[in-house]
Each structure stands twice: as structure tokens, then as C-alpha cells.
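For the sequence shown, this note's numbering puts the final residue at 218, and the numbers step up evenly by one. C-beta atoms are modelled at their ideal positions from N, C-alpha and C, and glycine is treated no differently. As C-alpha cells, the structure follows; a few thoughts come after it.
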Amino acid sequence: MKSSKQRKKEIQAKRVHKKESLLSNGMKKQQILIDPSRLSEKSQRSLGIPEYYIDEIIKCTDCDVSFLFSAIEQKEWYEHKKVYFWQRPIRCEFHYHEWLRIKKMKKEMDRNLAILESEPDNKKLMNICADSITEYHKGTQNGNIKKAMELYNKLNLKNDNYLYCKKQS
Ligand SMILES: [Zn+2]
């Protein structure tokens, strides 16, 4: 039989060990069992699917700030939204929404510019196109700013957006 002194030592050692492993992790990582049958077909065909989703720290590609891609979010992505298993978010929440906003803006700009090709004298559309090119440029430093200038000149509009375009060229 072990003496009570021995037992006390063992318990103490266990406690120290537990404390150390918590400290080395920084924080306790959450893990959730993966249900492979709920993954997309493409994911199921891929190799090396692990047993658990584990909290993951990722650096945003736009701002370098680390963010948490939690085990819960991972389950949502891969088992409900059916995202391909090896795909990871690359942007923090703020920059993801910023990226979405710009993507939407570009789609709208391109669509309006395409319509303008067939209705080159539509003044309202000219204005919309010039404004959307300018807004897109403000967000990305990309876009056909010369075209916007040309449209503002045609409309004889000397507003803030026109001045912005003039500054760029
Ligand atoms: Zn970011």
C-alpha cells in the first residue's frame, strides 16, 4: 500500500503537469470530432482527413493580424456549407467583408460599363458608371480612372468625384 505522503506527491506531480501543458498551449484548444460522411464528395475523396477539428490560428493576408478559425466554425464550413476540406479562410472578419464589398462593387461596375457600350448617350448611366469607377478606385487604387474623367467631362460635371479623378491623373 502507498503511504499518504507518497499519494500526496503523486497528486501534486499530476497538478504541475496539467498546469504546464495548459501554459504551453497558451490557451486550451477546442476540438470537435469530424463526421466524414457529412463532408463534400470532393473532401471525402481527399486524403489525410484527421479525426478532429482543432481551433486554428490564422494570419490575415491583408492586415497580418491573427484570428481564430474555431473548431465550431470549421465544422460549419466543411459539414454544412460543404466547403472543400483543405480550404482555409485567409482574411480576418473585417477584411473578408471588405473583400466582399469590393467584389460586389466591381461586378456592378463591369455590368454598368457593359450596358453603357450599347447605350453610349445614356447620361444617367454615364454618371453611374463614372461614380462607380471612382468609388472602386478609392477602395482599390484600380480601375479605369481615365474613362471616369472622360465621362465627367462629357457630362460637364465638376463634382468631388471629378476632382478626385483629376488628382489621380
Ligand atoms: Zn485583416
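Beta-carbon contacts of residue i that lie in its chain and below 7 Å, excluding the five residues immediately before and after
{"i": "Ser95", "result": "Phe134, Trp135"}
{"i": "Ile103", "result": "Lys78, Gln80, Ala120"}
{"i": "Glu128", "result": "Asp84, Arg87, Leu88"}
{"i": "Lys155", "result": "Tyr185"}
{"i": "Ile164", "result": "Leu174"}
{"i": "Ile182", "result": "Met158, Gly192, Asn193, Ile194, Lys196, Ala197"}
{"i": "Gln93", "result": "Pro85"}
Residues of its chain near residue i, where Cβ-Cβ distance is below 8 Å and the 5 sequence neighbours each way are ignored
{"i": "Ile139", "result": "Ile107, Cys109, Thr110"}
{"i": "Lys207", "result": "Tyr201"}
{"i": "Glu90", "result": "none"}
{"i": "Ser70", "result": "Interpretation of Ser70 is limited by its pLDDT of 44, a score under 50 that renders its predicted location unreliable; no figure is taken from the coordinates."}
{"i": "Val65", "result": "No answer about Val65 holds up, because its pLDDT of 45 lies below 50 and its placement is not dependable."}
Closer than 7 Å: residue i CB and nearest ligand 1 heavy atom
{"i": "Arg140", "result": "yes"}
{"i": "His146", "result": "no"}
{"i": "Asp104", "result": "no"}
{"i": "Cys178", "result": "no"}
{"i": "Phe118", "result": "no"}
{"i": "Cys109", "result": "yes"}
{"i": "Cys214", "result": "no"}
{"i": "Val132", "result": "no"}
Contacts around residue i, its chain only, beta-carbon distance under 6 Å, and the 5 residues preceding and following it disregarded
{"i": "Glu105", "result": "Phe118"}
{"i": "Lys124", "result": "Ile81, Tyr102"}
**Prompt:** Taking the runs of the beta strand (DSSP E) that are 3 residues or longer, which of them lie wholly in the segment 134 to 166?
**Reply:** none
**Prompt:** Is there contact here, the segment 170 to 190 with the segment 198 to 208, by at least three beta-carbon pairs under 8 Å?
**Reply:** yes
**Item:** Three CB pairs or more closer than 8 Å across the segment 180 to 191 and the segment 148 to 158
**Value:** yes
**Request:** Note down, one range per segment and in chain order, each beta strand (DSSP E) of at least 3 residues found wholly within the segment 110 to 135.
**Result:** 115 to 118
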